[in-house]
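Report on one structure; see the data block that follows.
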Amino acid sequence: MMKGCDRYRAATQFYLDRELSGSDLEDFLAHLEKCKDCRARLEAEEKLSALLHRSRPLYLSPDALRLRITHAAEAFHDVIAHEAGLRVDRL
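14 is the number of the first residue of the sequence shown in my numbering; add one for each residue after it.
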């Protein structure tokens, strides 16, 4: 594992969600070229993400609950991005 991998670990999910841009995206891609551990982590995350996207929910949750969860996830997302020093785009 290379020095600085912790920062890129946080960036992996933002990359998968297509939220990295500019110099953050360039830095992430450059790091992946040099670091086999982070490339392997990205590949594993891509496989997990694809599996989750293919799976269907067992039931539908109430709209109010989905809205609360969405707001909580967005707040958590912003905290993680800030702590990692990343500027991320919202889709």
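For every residue, glycine included, the Cβ atom is placed at its ideal position computed from N, Cα and C.
Cα-Cα separation, L80 to L33: In the sequence shown, residue 80 corresponds to position 67, counting from 1. In the sequence shown, residue 33 corresponds to position 20, counting from 1. Looking at the two C-alpha atoms, the distance is approximately 24 Å.
Span of the alpha helix (DSSP H) around C48: Position 35 of the sequence shown, counted from the first residue, corresponds to residue 48. Run containing C48: none; DSSP gives neither H nor E here.
Simplified DSSP state of L78, which is helix, strand or coil: Taking the sequence shown and counting its residues from 1, one reaches residue 78 at position 65. Three-state result, L78: helix.
Which residues in the same chain as C18 place their Cβ atom closer than 7 Å to its Cβ, once the five residues preceding and following it in sequence are excluded? The count along the sequence shown starts at 1 and reaches residue 18 at position 5. If we look at C18 and ignore the five residues flanking it on each side, its Cβ neighbours are C48, D50 and C51.
Can you name the start and end residues of the alpha helix (DSSP H) that Y28 belongs to? For the purposes of this step, residue 28 is taken as residue 15 along the sequence shown, with counting starting at 1. Segment C18 to L29, the alpha helix (DSSP H) holding Y28.
Put L33 into one of helix, strand or coil per three-state DSSP. Here residue 33 refers to the residue found at position 20 of the sequence shown. DSSP places L33 in strand when its eight states are reduced to three.
Find the nearest neighbour of K60 within the set T25, Y21 and E96, judged by alpha-carbon distance. Taking the sequence shown and counting its residues from 1, one reaches residue 60 at position 47. Here the closest residue by C-alpha is T25.
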